[in-house]
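Peer 1: Just passing along the structure, written as structure tokens.
4 protein chains.
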Amino acid sequence: MTEIEIGMGKSARRAFGFDEVSILPSRRTRNTADVDLTWQIDAFTFDLPLIASAMDAVVSPSTAIEIGRLGGVGALHLEGLWTRHDDPEPILEELATLSDEKVRTRLTELYASPVRGELVRARLIELRDAGVVVAAAVTPQGAPGLLGDIRAAEPDLLVIQGTVVSAEHVARGDEPLNLKQFVRQLETPVLVGGCASYQAALHLMRTGAAGILVGVGAGQASTTRRVLGLGAGQVTAIADARAARMRHLDETGVYVHVIADGGVHTSGDLAKAIVCGADAVMMGSALAAAAEAPGRGYHWGLPAAHATLPRGGRVRVGTRGSLEEILVGPAVDHDGATNLFGGLRKAMALTGHATLKEMQKAELVVGGGAS
Amino acid sequence: MTEIEIGMGKSARRAFGFDEVSILPSRRTRNTADVDLTWQIDAFTFDLPLIASAMDAVVSPSTAIEIGRLGGVGALHLEGLWTRHDDPEPILEELATLSDEKVRTRLTELYASPVRGELVRARLIELRDAGVVVAAAVTPQGAPGLLGDIRAAEPDLLVIQGTVVSAEHVARGDEPLNLKQFVRQLETPVLVGGCASYQAALHLMRTGAAGILVGVGAGQASTTRRVLGLGAGQVTAIADARAARMRHLDETGVYVHVIADGGVHTSGDLAKAIVCGADAVMMGSALAAAAEAPGRGYHWGLPAAHATLPRGGRVRVGTRGSLEEILVGPAVDHDGATNLFGGLRKAMALTGHATLKEMQKAELVVGGGAS
Amino acid sequence: MTEIEIGMGKSARRAFGFDEVSILPSRRTRNTADVDLTWQIDAFTFDLPLIASAMDAVVSPSTAIEIGRLGGVGALHLEGLWTRHDDPEPILEELATLSDEKVRTRLTELYASPVRGELVRARLIELRDAGVVVAAAVTPQGAPGLLGDIRAAEPDLLVIQGTVVSAEHVARGDEPLNLKQFVRQLETPVLVGGCASYQAALHLMRTGAAGILVGVGAGQASTTRRVLGLGAGQVTAIADARAARMRHLDETGVYVHVIADGGVHTSGDLAKAIVCGADAVMMGSALAAAAEAPGRGYHWGLPAAHATLPRGGRVRVGTRGSLEEILVGPAVDHDGATNLFGGLRKAMALTGHATLKEMQKAELVVGGGAS
Amino acid sequence: MTEIEIGMGKSARRAFGFDEVSILPSRRTRNTADVDLTWQIDAFTFDLPLIASAMDAVVSPSTAIEIGRLGGVGALHLEGLWTRHDDPEPILEELATLSDEKVRTRLTELYASPVRGELVRARLIELRDAGVVVAAAVTPQGAPGLLGDIRAAEPDLLVIQGTVVSAEHVARGDEPLNLKQFVRQLETPVLVGGCASYQAALHLMRTGAAGILVGVGAGQASTTRRVLGLGAGQVTAIADARAARMRHLDETGVYVHVIADGGVHTSGDLAKAIVCGADAVMMGSALAAAAEAPGRGYHWGLPAAHATLPRGGRVRVGTRGSLEEILVGPAVDHDGATNLFGGLRKAMALTGHATLKEMQKAELVVGGGAS
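Chains as they are written, first to last, in my numbering: chain S, 170 to 540; chain P, 170 to 540; chain C, 170 to 540; chain R, 170 to 540.
As structure tokens, then:
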């Protein structure tokens with residue numbers, strides 16, 4: 170670790186973000202047709218190493234089904250609009266028409282409605298019936314209360330996600346979620362995060378999770394950096410989690426997946442995330458720009474609805490193309506925002522790597538600017 | 170210290186500012202309800218580690234009282250409008266209506282009126298009567314002349330503040346303020362600054378001050394960097410002062426408080442200042458944006474009124490919310506400018522720290538950009 | 170190599186671009202009249218170390234002839250509009266009038282027409298008849314199919330160019346281009362690229378090429394960095410290729426030329442490319458701004474016509490002056506976009522270097538900004 | 170020297186500019202009244218360490234006289250408009266009214282008129298008669314032809330200035346200026362430059378010059394960096410020249426003055442230049458903004474009039490105040506562009522330095538941004 174003395178009484182590590190690095194082609198190239206993007210986790214095999222973010226502007230039951238059909242998986246948030254309201258479609262329609270001034274209060278109001286168990290079960294059954302891999306998401310705070318419904322609906326994958334999730338949550342008075350105990354009492358494989366350091370990643374892996382989400386406030390809809398001062402370059406955070414994965418594998422023989430969450434806006438970012446060490450990528454704002462996206466050109470996360478300390482608002486992302494065009498093309502532009510996985514495939518071909526695991530070995534350079 | 174050879178005949182240290190660092194969450198989290206923001210200095214305990222800057226756009230007797238009620242303390246400048254004019258309110262009203270072209274001359278004029286001892290005493294008595302901790306501020310130049318009035322009014326805390334204040338001021342001819350002697354002949358605990366290096370901080374601590382202000386021209390209303398070329402990254406300056414605090418404590422057994430002054434615009438900056446080593450934070454422009462602020466949407470400091478070498482002008486800051494909303498929420502936006510201490514509390518919870526002293530141990534990273 | 174640990178599980182090298190470096194004058198200067206810009210490769214001697222990029226917006230038969238007359242050489246792309254269409258002039262005219270929305274589809278359409286062998290031969294004969302050095306370009310994919318026509322027309326130089334070209338292309342099923350075999354069965358000297366690392370450069374040199382093109386997506390018309398995440402600072406890429414040239418020379422006694430391709434927009438960039446180690450420079454967008462340029466104020470590359478993953482679009486470059494003014498002056502402005510080689514000559518004079526080979530020894534500094 | 174490997178085949182040094190550094194106050198302060206800005210060179214003593222750039226937009230006979238009255242010295246260019254035309258005032262008036270398109274041609278035309286010996290002598294006599302120190306400037310190319318007139322007029326200081334001036338100019342055929350011989354055959358002390366490295370500075374010092382100008386294309390009116398790629402951070406260039414001054418002093422016992430030329434726009438830059446090691450500063454664009462400036466709100470240098478390779482054009486600088494306000498105040502704004510030497514004096518006071526030579530010992534930091 171490169172420690173920098175930032176003052177006589179404090180040191181810090183240098184961290185890097187996607188914009189600061191590039192992938193260096195080397196002496197071998199390959200045909201795109203020979204590149205394999207398959208991602209296997211637990212008993213599941215996906216054509217694309219993609220989890221769509223559990224955000225109401227991105228994943229509704231219908232987009233989760235379409236994303237599944239295209240080869241990835243969409244995680245439906247069990248504490249979002251779809252489990253608080255019978256019919257969220259008119260609500261989503263309304264949100265798209267509100268002014269920036271009015272939308273914050275309305276979001277807080279809409280997310281204050283109680284989560285209803287029967288809706289949790291109904292939404293998951295809808296996904297199950299469509300034949301796609303069923304992924305659901307909860308917060309660490311919401312998880313215990315939803316345990317019964319989750320067990321009843323049996324999703325294929327469960328995402329436990331907060332701004333920062335730790336294996337050691339300290340609370341005086343009432344008992345906090347014991348992640349290790351919670352993960353082990355479920356049969357469903359669990360993905361848990363965000364985290365952003367080697368130690369945090371390692372301890373999350375030790376809870377028995379199948380995968381961890383790497384990133385803290387890195388998404389476009391987040392203002393965690395301004396509001397909380399928290400952050401870590403995604404490049405560094407992923408590479409640290411990779412080191413934790415190696416150590417955990419060495420200690421236990423278990424390979425825990427590293428899922429880059431946040432900051433992936435283009436196919437170039439996607440390729441860089443894999444090279445840093447990610448097994449798969451969680452994407453939100455890039456998919457909120459789909460024609461089918463429930464956000465209708467807008468994007469927001471749960472923290473935007475926080476009553477006293479919102480960290481992010483409703484962000485305008487526009488519409489770039491269909492989910493299919495955004496994920497697997499053909500591209501409708503040339504700036505890397507559509508045909509995301511076609512771009513990844515081409516990047517792998519031009520650096521001579523046939524699989525995601527091989528692509529993790531590609532070389533990176535820091536800097537170099539536009540020329 | 171990381172010395173960089175900037176040329177064959179000169180070296181320099183690398184310094185860092187708030188925008189260049191982020192706080193790295195680690196493997197532990199905590200409930201916000203269990204976080205304690207209490208700050209103790211001398212005989213006083215504050216709910217919030219906050220001193221509002223002794224600037225006329227921020228602290229009037231009434232805002233000092235409101236800030237005290239909310240848990241912090243506001244320092245009233247004894248060489249500002251409130252001690253030069255019987256009724257500053259119409260003057261503040263007038264300043265808010267003047268054009269940028271006219272306001273500089275008018276400021277110079279208004280600050281040329283003499284400071285009146287009876288107003289000094291009356292303003293401090295008004296604060297005392299309101300039951301809040303009474304803090305007053307003077308410049309090193311103005312301090313000797315106001316000594317009698319200060320002793321008569323007995324503020325709880327005295328701030329001695331200039332662009333750069335040193336323990337060794339050299340003057341030919343007339344005698345300069347002997348800080349050590351001045352501090353020791355007062356019973357009031359003294360906070361003194363600005364300073365920006367280990368040596369300067371250490372020597373200020375040795376004057377017997379209860380706390381030192383760290384920062385040189387770092388505030389939004391200052392152009393010290395352009396006009397004088399002086400500066401130091403706040404992150405580095407605070408960390409250096411922390412090292413001086415450790416040495417002074419080791420040598421004398423006395424803990425002198427480090428108060429970050431300047432550059433704290435968001436709750437994220439506030440959290441970073443604590444992590445760098447600050448015990449408390451002095452804030453100006455962030456509070457000038459309060460609905461109750463005397464500046465009525467504008468902000469300026471004493472140097473803006475300098476007749477021949479102004480370093481800063483009247484800056485438009487707008488109105489973001491009430492003092493209460495800005496300090497303790499609820500936030501009225503999501504960019505970290507309101508509910509400042511709610512943001513600090515959340516940052517401490519997400520990094521697992523229960524007290525300010527513990528939060529000083531959190532880890533920082535340099536860089537990483539937005540992703 | 171300066172390795173930076175970007176995270177605990179991954180390292181990267183620091184790379185630099187033209188904008189980050191400057192040439193440091195030293196203790197000797199020289200008259201411009203005594204500076205010699207001659208470039209010799211194989212049996213050819215050029216007054217200017219320039220190859221105009223094989224892009225339809227830059228090189229048509231007539232501009233290739235004019236560039237040859239001015240002392241450089243223009244490479245005609247054998248898979249561009251001139252070998253797919255009988256008369257590209259009306260097509261180029263049409264492209265200049267289309268809106269940004271319509272032009273992408275039209276480009277894809279126009280470049281979908283088949284390459285015709287008789288046009289390949291006719292275009293090259295036209296160049297031959299004009300008495301200039303004849304340079305033609307192909308992609309690695311297109312090369313095998315055009316072998317017969319290339320042999321028939323016997324260009325003086327052949328450029329084999331793709332986004333990334335490697336000496337070891339892996340393909341399952343059908344046989345890929347064997348570069349080494351292809352290069353050795355031609356009598357024409359071959360220039361091949363792009364590449365961007367020491368290893369890639371070294372292996373391309375070992376194919377028997379007379380020169381290699383250094384640069385990956387560095388051109389103005391490219392969005393390779395956003396779409397694929399690939400890149401390398403041109404300064405670093407050229408310096409790495411220079412090291413490969415030294416090793417190859419040491420191993421084989423053969424001097425393979427390093428041609429900087431992409432990112433050279435001004436005469437200052439041109440001078441920096443030579444100092445980094447380039448023997449000559451390939452330029453596109455700078456020449457697309459010529460009054461005679463076929464692009465008529467626009468610039469694009471072959472990747473812009475890709476049907477499913479375009480990497481770049483039609484870029485507006487405007488018109489800066491005649492080809493003569495742009496290459497050898499007089500300058501029509503003072504920003505380094507015209508009289509490119511006059512600027513190089515002056516830079517060589519002010520650093521005291523008489524030949525390109527000497528100029529490669531000039532000193533560089535990193536940083537320093539505008540003052 | 171910190172060498173950075175920019176690629177496997179090339180290294181470079183890290184260089185710094187004024188914007189990248191700040192002056193760190195330390196533990197001592199001082200009264201401004203006790204600060205002494207006196208600069209002594211050869212037999213002359215100046216109240217201000219200032220040479221106004223020999224540029225027609227800055228120095229005319231009348232502004233040279235006014236600058237002399239204010240304590241500095243203005244260098245009149247003997248190859249500018251004042252020695253080519255009988256009455257330049259109507260010409261300067263005309264230039265201020267021309268459009269950007271037309272002004273370049275007109276400049277080239279006006280500077281093509283021959284330099285007339287009788288005007289050279291008349292202009293210098295006008296300055297002599299006004300009682301100020303008389304400084305004249307020539308280019309290395311123009312110097313030999315003007316030798317007779319210079320000897321006749323006997324200026325007090327002679328500036329020999331070009332973009333890059335070296336002690337070893339190589340020319341085939343006609344004999345170049347032998348700087349060493351030229352300097353030694355004059356009785357007038359000579360200032361010579363620009364240069365930007367230790368070696369170049371040392372060799373210029375060895376010519377017998379009384380001072381050297383440090384800076385290559387660093388001025389606001391220059392585009393040397395874009396056109397020629399040449400440059401060096403001013404901070405690094407001055408610090409290198411300081412090291413050369415120490416060596417030369419050690420070898421010969423002669424103290425050669427280092428004059429920072431270019432990049433000084435504010436009083437903060439001025440203070441930084443002194444701290445880096447400059448004995449005095451040459452300023453152009455800052456003074457072109459004076460109400461009395463011949464450029465009438467515009468600024469340009471001799472290279473703007475070059476017929477085939479102009480490096481810089483006419484730049485709009487506006488009018489900030491009188492020469493007196495710009496140099497010694499009172500300031501008419503708060504951004505450091507007026508009362509330049511009042512700002513320097515204050516910076517010296519706040520860092521506790523009484524003389525320029527002491528100020529050269531102040532500490533610098535690199536970075537730290539705005540907070």
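Note that the Cβ used here is the ideal one computed from N, Cα and C, for glycine as well.
For the beta strand (DSSP E) containing Lys179 (chain S), list its first residue and its last residue.
Peer 2: Residues 179-183.
Peer 1: When you check each C-beta in the stretch 350-376 of chain P against every C-beta of chain S, which residues fall closer than 7 Å?
Peer 2: Within the stretch 350-376 of chain P, the qualifying residues are Tyr367.
Peer 1: Put Ser335 (chain S) into one of helix, strand or coil per three-state DSSP.
Peer 2: In the structure shown, Ser335 (chain S) sits in coil (DSSP, three-state: anything other than H, G, I, E or B).
Peer 1: For Gly511 (chain S), name the three-state secondary structure that DSSP assigns.
Peer 2: The answer is helix: DSSP assigns Gly511 (chain S) an H, G or I state.
Peer 1: Return the residue from the list S:Leu533, S:Arg514, S:Val535, S:Val307 that minimises the CA-CA distance to Asp205 (chain S).
Peer 2: Among S:Leu533, S:Arg514, S:Val535, S:Val307, the Cα nearest to that of Asp205 (chain S) is on S:Arg514.
Peer 1: If we define contact as Cβ-Cβ less than 8 Å, is Ala440 (chain P) a contact residue for chain R?
Peer 2: With 8 Å as the cut-off, Ala440 (chain P) does not count as an interface residue toward chain R.
Peer 1: In the DSSP output, what is Asp430 (chain C) paired with across the bridge?
Peer 2: Looking at the DSSP assignment, Asp430 (chain C) forms a beta bridge with C:Met451.
Peer 1: Would you say Met517 (chain R) lies against chain C (beta-carbon separation less than 8 Å)?
Peer 2: By this cut-off, Met517 (chain R) is not an interface position.
Peer 1: What residues from chain C crowd round Gly481 (chain R), counting only those whose CB sits closer than 9 Å?
Peer 2: His503, listed in chain order.
Peer 1: Going along chain P, which residues have a C-beta under 9 Å from Ser436 (chain R)?
Peer 2: Result: Arg395, Val396, Leu397, Gly398, Leu478.
Peer 1: What distance in whole Å lies between the Cβ atoms of Ala221 (chain R) and Gly243 (chain R), which are believed to be in contact at a cut-off of 8 Å?
Peer 2: Correct: roughly 4 Å between the Cβ atoms.
Peer 1: Following the continuous alpha helix (DSSP H) through His417 (chain C), name the residue where it begins and the one where it ends.
Peer 2: That run of the alpha helix (DSSP H) goes 403-421.
Peer 1: Taking beta-carbon pairs under 7 Å, can you tell me which members of the stretch 177-196 of chain P lie near chain S?
Peer 2: So the list reads Phe185, Val190, Ser191, Ile192, Leu193, Pro194, Ser195, Arg196, given in the order they occur along the chain.
Peer 1: If the criterion is Cβ atoms closer than 8 Å, does the pair Leu397 (chain P) and Gly512 (chain R) meet it?
Peer 2: Yes, the pair counts as a contact, with Cβ atoms nearer than the cut-off.
Peer 1: Anything in chain C within Cβ reach of Thr171 (chain S), meaning under 8 Å, just list it in chain order.
Peer 2: Near Thr171 (chain S) (Cβ distances below 8 Å), the residues of chain C are Ile173, Glu174.
Peer 1: For Leu245 (chain C), write down the residues that DSSP places opposite it in a beta bridge.
Peer 2: Looking at the DSSP assignment, Leu245 (chain C) forms a beta bridge with C:Ala305.
Peer 1: Quick one: which chain C residues come within Cβ less than 9 Å of Ala553 (chain R)?
Peer 2: The structure shown does not extend to residue 553 (chain R), since chain R is modelled only from 170 through 540, so no value can be given for it.
Peer 1: Consult DSSP for Gln310 (chain P) and reduce its assignment to one of helix, strand or coil.
Peer 2: Here Gln310 (chain P) sits in coil by DSSP.
Peer 1: The beta strand (DSSP E) that contains Ser366 (chain P), what's its start and end?
Peer 2: That residue, Ser366 (chain P), is in no beta strand (DSSP E); it is neither H nor E in DSSP.
Peer 1: Exposed or buried, which one is Ser268 (chain S) when buried takes at least 16 other CB atoms within 10 Å?
Peer 2: The residue in question, Ser268 (chain S), is exposed, as its Cβ has fewer than 16 Cβ neighbours within 10 Å.
Peer 1: Note down the Cα distance separating Lys526 (chain R) from Ala449 (chain R), rounded to an integer number of angstroms.
Peer 2: Approximately 10 Å, taken between the alpha carbons.
Peer 1: What separation, rounded to the nearest whole angstrom, lies between the Cα atoms of Gly432 (chain C) and Trp469 (chain C)?
Peer 2: Roughly 14 Å separates the two Cα atoms.
Peer 1: Alpha carbon to alpha carbon, how far is Cys445 (chain R) from Ala429 (chain R)? Give it in angstroms, no decimals.
Peer 2: Each residue's alpha carbon lies about 9 Å from the other.
Peer 1: Looking at chain C, is there any beta carbon in it that lies within less than 8 Å of the beta carbon of Ala539 (chain S)?
Peer 2: Caution is warranted here: a pLDDT of 48 is assigned to Ala539 (chain S), below 50, making its placement in the model unreliable, and the coordinate value is therefore given only provisionally. Taking Cβ atoms only, chain C reaches closer than 8 Å to Ala539 (chain S), which makes this a yes.
Peer 1: By the criterion of Cβ-Cβ separation under 9 Å, what are the contact partners of Ile407 (chain C) in chain R?
Peer 2: Those are Gly176, Gly178, Lys179, listed as they occur along chain R.
Peer 1: May I ask which residues mark the beginning and end of the alpha helix (DSSP H) holding Trp144 (chain P)?
Peer 2: With chain P represented from 170 up to 540, any question about residue 144 (chain P) goes unanswered, as that position is not in the structure.
Peer 1: Tell whether a beta-carbon distance below 8 Å holds between Leu492 (chain R) and Thr232 (chain R).
Peer 2: Result yes, Cβ atoms of Leu492 (chain R) and Thr232 (chain R) sit closer than 8 Å.
Peer 1: With H, G and I counted as helix, E and B as strand and the rest as coil, what does DSSP make of Ala539 (chain S)?
Peer 2: Because Ala539 (chain S) sits at a pLDDT of 48, beneath the cut-off of 50, its placement in the model cannot be relied upon, and the following sentence gives the value as read from the coordinates. Looking at Ala539 (chain S) - three-state DSSP - the assignment turns out to be coil, as it is neither helix nor strand.
Peer 1: CA-CA distance, Val497 (chain C) and Arg238 (chain C)?
Peer 2: Cα to Cα, the separation comes out at about 12 Å.
Peer 1: Quick one: is Lys530 (chain P) buried, meaning 16 or more other Cβ sit within 10 Å of its Cβ, or exposed?
Peer 2: Exposed, because fewer than 16 other Cβ atoms sit within 10 Å of the Cβ of Lys530 (chain P).
Peer 1: Does the stretch 470-483 of chain S come within contact of the stretch 400-420 of chain S, defined as at least 3 CB pairs closer than 8 Å?
Peer 2: No: the two stretches stay apart, fewer than three of their Cβ pairs being nearer than 8 Å.
Peer 1: Whose C-alpha, out of P:Arg197, P:Arg341, P:Glu174, is nearest the C-alpha of Thr198 (chain R)?
Peer 2: It is P:Arg341.
Peer 1: Indicate whether the contact test is met: 3 or more Cβ pairs, each with one atom in the stretch 178-194 of chain R and one in the stretch 456-476 of chain C, closer than 8 Å.
Peer 2: At 8 Å Cβ cutoff, the stretches do not touch.
Peer 1: In the DSSP assignment, find the unbroken beta strand (DSSP E) run with Ala221 (chain C) in it and report its ends.
Peer 2: 219-221 is the span of the beta strand (DSSP E), which, as asked, contains Ala221 (chain C).
Peer 1: Tell whether a beta-carbon distance below 8 Å holds between Ala401 (chain P) and Ala365 (chain P).
Peer 2: Going by C-beta atoms, Ala401 (chain P) is nearer than 8 Å to Ala365 (chain P).
Peer 1: At a Cβ cut of 7 Å, what residues of the stretch 200-220 of chain C count as close to chain S, listed as they run along the chain?
Peer 2: So the list is empty, because no residue satisfies the distance condition.
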